[in-house]
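Report on the structure given below.
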Amino acid sequence: MKLKEIIDTVSAKEIYIDDPRVYDIDFNDAFGTDLMSDALCTLRDCDERSLLISGLANMQLFHTANTLDLPVVLIVRGKNVDDYMINGAKMGGVSIISTDYSMYETCGLLYEAG
C-alpha cells in the first residue's frame, strides 16, 4: 500500500514529509505499539516498507524509527506534534503523518484495506 492510500484510509494529515520519494514506497506491513522496546525487538529485521504506528508523541518515537531505518511514522489519537519533534524527525530523516483514530481503529482500517 502506498503512502497516499494509507493517508486516505485513515484520514491522516501530513505533518512532515522528509523526502518525496516516500510516496513511492509500497508498504507491506505495519506494527502498532506505544512501547519502543517492542518496536525495536519486532522490527529489527524490517526494511523501509514497514510502517510504525504509535500513540507515543515524543522524541523516543523518532529515535526508534531512525534506528530501524523506517521512513515514516503514523501517530494515532490526534496527538500534538510540536516543532521540537518535527526537528527531531528532520534530523533522523523520518516523515510524520497523524490520524485522529485510535490505534485499534487505525490498525483495523489498514488491515481491512489490505
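Residues in the sequence shown are numbered from 8 upward in steps of one, following the working numbering. The beta-carbon is built from N, C-alpha and C at its ideal position, and this holds for glycine as well. Predicted, not measured: the structure shown is a model, and the values here were computed from it.
- Segment contact: the segment 37-51 against the segment 102-121, three or more CB-CB distances shorter than 8 Å; contact assigned.
- Burial state of P78 is buried, judged by a 10 Å Cβ sphere holding 16 or more other Cβ atoms.
- Secondary structure note for K20: it is in no alpha helix (DSSP H), and the uninterrupted beta strand (DSSP E) holding it is 20-23.
- Excluding five sequence positions before and after I22, the CB atoms of its chain that fall closer than 6 Å to its own CB belong to V88, I103, S105, given in chain order.
- In this structure, DSSP gives A64 a state outside helix and strand, which the three-state scheme calls coil.
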